[in-house]
Amino acid sequence: MRISIDQGVCIGAGQCALTAPDVFTQDDDGFSELLPGREDGNGSPLVREAARACPVAAISVEDA
Ligand code: SF4
-2 MRISIDQGVC IGAGQCALTA PDVFTQDDDG FSELLPGRED GNGSPLVREA
48 ARACPVAAIS VEDA
């Protein structure tokens, strides 16, 4: 799995970090980023849920 976050689209709503806190976090400005080493989603079934939860569809998930 490969996750990308469009930081130009992210509005810092935080839904991704709430939904999959083992993969997503928020930077000092509140924008989403991936936790170090979790760029592959860490096998978490919550990653796709987090992408769906994002109100501006900033997260895309591809199968590697
Ligand atoms: S849910 Fe979407 S808008 Fe909110 S922080 Fe995550 S990527 Fe950004």
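Take the sequence shown: its letter number 61 is residue 58 in the numbering used here, and every next letter is one higher. For every residue, glycine included, the Cβ atom is placed at its ideal position computed from N, Cα and C.
Residue i: first and last residue of the uninterrupted beta strand (DSSP E) it sits in
i          : result
residue 45 : Not the beta strand (DSSP E): residue 45 falls in the alpha helix (DSSP H), residues 43 to 50.
Cβ-Cβ distance between residue i and residue j below 7 Å
i          : j          : result
residue 14 : residue 52 : no
residue 29 : residue 2  : yes
residue 20 : residue 39 : yes
Helix, strand or coil at residue i [DSSP, three-state]
i          : result
residue 15 : helix
residue 9  : coil
Same chain only: Cβ atoms within 8 Å of residue i, ignoring 5 sequence neighbours per side
i         : result
residue 6 : 53, 54, 55
Per DSSP, cross-strand counterpart(s) of residue i
i          : result
residue 59 : -1
residue 32 : Paired residues: none, contrary to the question.
residue 23 : 29
Other residues of its chain near residue i: CB distance less than 6 Å, five sequence neighbours each side excluded
i          : result
residue 27 : 9
residue 4  : 28
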